[in-house]
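The numbering of the sequence shown is the working numbering, which starts it at 576 and goes up by one.
Here a beta-carbon is modelled for each residue, glycine too, at the ideal position from N, C-alpha and C.
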Amino acid sequence: MNDELILLKCGEISLKGLNRRRFESILLSNLRHRLRRVGSFSCQILQSTVTVSCLEQDPPEALLLGAPSLMDRAYDECLRVFGFVSAVRARGCPKELPLICELAAEYLREPLSRARTFKVESKRADKSFPYPSPQISAEVGAFVLSRFPHLKVDVHNPDFTVHVEVRDHLAFVHGDADPAAGGLPVSSSGRGTLMLSGGIDSPVAGYLMARRGLRVDAVHFHSFPYTGERARQKVEELARLVGRYAGDVDFFVVPFTHVQEVLRDTCSPEYFTILTRRFMVRITEAIALSRESGCLITGESLGQVASQTLEGLLATNCVAQRLPILRPLIGMDKEDIVAISRKIGTFETSIEPYEDCCALFSPKHPKTKPKLPELEREEAKLDVEGLVREAVEGTQLTLLRYGRD
Numbered sequence: 576m577n578d579e580l581i582l583l584k585c586g587e588i589s590l591k592g593l594n595r596r597r598f599e600s601i602l603l604s605n606l607r608h609r610l611r612r613v614g615s616f617s618c619q620i621l622q623s624t625v626t627v628s629c630l631e632q633d634p635p636e637a638l639l640l641g642a643p644s645l646m647d648r649a650y651d652e653c654l655r656v657f658g659f660v661s662a663v664r665a666r667g668c669p670k671e672l673p674l675i676c677e678l679a680a681e682y683l684r685e686p687l688s689r690a691r692t693f694k695v696e697s698k699r700a701d702k703s704f705p706y707p708s709p710q711i712s713a714e715v716g717a718f719v720l721s722r723f724p725h726l727k728v729d730v731h732n733p734d735f736t737v738h739v740e741v742r743d744h745l746a747f748v749h750g751d752a753d754p755a756a757g758g759l760p761v762s763s764s765g766r767g768t769l770m771l772s773g774g775i776d777s778p779v780a781g782y783l784m785a786r787r788g789l790r791v792d793a794v795h796f797h798s799f800p801y802t803g804e805r806a807r808q809k810v811e812e813l814a815r816l817v818g819r820y821a822g823d824v825d826f827f828v829v830p831f832t833h834v835q836e837v838l839r840d841t842c843s844p845e846y847f848t849i850l851t852r853r854f855m856v857r858i859t860e861a862i863a864l865s866r867e868s869g870c871l872i873t874g875e876s877l878g879q880v881a882s883q884t885l886e887g888l889l890a891t892n893c894v895a896q897r898l899p900i901l902r903p904l905i906g907m908d909k910e911d912i913v914a915i916s917r918k919i920g921t922f923e924t925s926i927e928p929y930e931d932c933c934a935l936f937s938p939k940h941p942k943t944k945p946k947l948p949e950l951e952r953e954e955a956k957l958d959v960e961g962l963v964r965e966a967v968e969g970t971q972l973t974l975l976r977y978g979r980d
């Protein structure tokens with residue numbers, strides 16, 4: 576009997592047409608890159624399923640200390656790779672029915688011993704195998720009952736399900752699969768540039784767009800000395816947490832103090848919030864274009880704050896000259912967003928206290944329905960291009976490489 580391996584089921588890339596091989600190639604590259612931080616693994620794709628096999632032994636000292644095994648750690652990583660819809664630990668054997676029965680009883684001994692009821696589900700991907708799926712299930716079920724006489728068959732609501740898959744080269748046996756990350760492989764849809772703050776929303780927006788196949792760069796606006804180093808470090812940590820799913824993240828920190836001070840000293844206070852947002856979009860677009868990014872990403876949700884009314888969104892859209900602004904949270908309420916942030920592990924970091932550059936000099940009564948002519952009149956008082964250029968030139972880049980920091 577072969578060593579344990581991981582079976583990963585591909586998601587919607589299985590429905591792709593002539594460019595399917597491109598998606599599969601990116602998916603395998605992403606998976607191998609992620610698993611390199613764990614150890615040496617073989618990854619092969621066949622019939623919309625990827626098999627992951629470990630090529631090395633666990634260090635004896637790690638096992639003595641009760642550390643997670645290489646397969647445990649690899650499985651955890653696999654669950655966060657976009658492009659797979661499910662994952663399961665399995666064992667394989669030659670495609671002979673007696674061997675399959677023996678493998679099912681031996682490999683699944685522990686869960687079968689704990690269960691009171693069970694059933695067998697079989698899939699015969701290799702149609703040349705002489706036994707149809709119902710007969711495979713019946714034979715395996717009978718053998719399991721002979722080994723575990725305390726069990727009863729329950730095809731509707733079993734305590735445990737034995738799964739048998741007969742594929743081209745091997746037969747596999749496993750229990751129920753775990754849901755994986757879903758979506759499309761990161762970078763298969765291009766590159767996006769995320770406006771990342773220290774709040775709850777923008778990390779979730781980055782995660783959702785990475786799930787749709789974008790490689791995500793992150794841009795953070797830092798207003799030293801009004802916002803301190805700890806605030807910057809918090810946002811960098813959020814970028815790293817998003818990177819647990821999105822992979823490598825290029826993290827840009829924009830010096831924003833001068834822009835905000837000029838706005839405070841020159842423009843009407845009621846427009847400060849939306850003018851600040853317009854500058855952020857201009858600067859982010861300039862950075863994105865220099866990186867050949869195809870879009871901007873924000874964590875805006877309709878009506879959530881003063882700058883996120885329809886009029887406010889229009890006012891910020893207008894200054895993005897060449898790239899679209901994607902807003903994956905636009906129709907979500909706060910509970911939806913918080914639920915995702917908890918799931919991906921960013922919530923606890925997001926709610927840590929920090930100084931937010933967007934709150935600096937914020938007026939008591941910001942304009943919620945700004946008119947474009949009014950905004951353009953305010954910006955006519957400024958050297959807009961010069962302020963944007965100065966901020967972009969002062970931007971610092973940190974390369975956050977998943978598993979190598």
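Please work out which residues of its chain come closer than 8 Å, Cβ to Cβ, to residue i, disregarding the five sequence neighbours upstream and downstream, and give them in chain order.
i, result
"M907", "S876"
"A680", "L687, F718, V719, R722, F723"
"D701", "K670, V741, R742, D743"
"E599", "C585, I588, I620"
"V613", "L645, R648, A649, E652"
Do you know how far the Cα of residue j is from the Cα of residue i?
i, j, result
"V660", "D823", "21 Å"
"R964", "F831", "12 Å"
"R897", "T873", "16 Å"
"K698", "S628", "22 Å"
"I862", "Y801", "23 Å"
"T970", "H795", "10 Å"
"H725", "R689", "10 Å"
"G765", "L871", "12 Å"
"L606", "G869", "24 Å"
"D895", "T943", "Checking the sequence shown, residue 895 turns out to be Ala, not Asp. One C-alpha to the other measures close to 20 Å."
"K946", "D825", "35 Å"
"L950", "Y846", "7 Å"
"I912", "E923", "13 Å"
"L683", "A806", "49 Å"
"I858", "A966", "7 Å"
"S777", "P635", "42 Å"
"M784", "V728", "44 Å"
"E579", "R655", "20 Å"
"V761", "H608", "12 Å"
"S916", "R786", "14 Å"
"L593", "Y929", "49 Å"
"M770", "I900", "10 Å"
"L864", "I601", "23 Å"
"L885", "R664", "48 Å"
"L672", "S925", "53 Å"
Ignore the nearest five residues each way along the sequence and tell me which others in residue i's own chain have a CB closer than 6 Å to its CB.
i, result
"L816", "G920, T921"
"S882", "T848, I849, R852"
"Y782", "V817, Y820, I919"
"D734", "A690, R691, T692"
"S589", "S623"
"D633", "S644, L645"
Whole-angstrom Cβ separation of residue i and residue j, contact assumed at under 8 Å?
i, j, result
"G758", "T736", "At roughly 26 Å, the Cβ-Cβ gap does not stay under 8 Å, so G758 and T736 are not in contact."
"A780", "L904", "5 Å"
"V739", "V719", "With a Cβ gap of about 11 Å, V739 and V719 do not count as contacting."
"D792", "R866", "6 Å"
"L745", "A662", "Between A662 and L745 the Cβ distance is about 18 Å, and since that is not below 8 Å, they are no contact."
"L962", "V834", "5 Å"
Helix, strand or coil for residue i? Go by DSSP, reduced to three states.
i, result
"S703", "coil"
"F799", "coil"
"R805", "helix"
"G754", "Here residue 754 turns out to be Pro, not Gly, going by the sequence shown. P754: strand per DSSP, three-state reduction."
"H1068", "Any property of residue 1068 remains undetermined from this structure, which presents the chain solely from 576 to 980."
"R787", "strand"
"A814", "helix"
"G716", "helix"
"K694", "strand"
"H833", "helix"
"R897", "coil"
"T884", "coil"
"E949", "helix"
"F598", "helix"
"F657", "coil"
"K727", "strand"
"G592", "coil"
"S777", "helix"
"C618", "strand"
Looking only at its chain, what residues have a beta carbon closer than 7 Å to the beta carbon of residue i, apart from the 5 residues adjacent to it on each side?
i, result
"L630", "S615, F616, S617"
"N577", "Low local confidence applies: a pLDDT of 45 at N577 is under 50, so the model's placement there is unreliable, and no value is given."
"L678", "M576, R666, C668, V748"
"C842", "L850, E953, K956"
"S708", "S697, K698, R699"
"E927", "K809"
Looking at the ligand ADP, does it come within less than 7 Å of residue i, judged from the CB to the closest heavy atom?
i, result
"D825", "The ligand ADP is not part of this structure, which contains no ligands at all."
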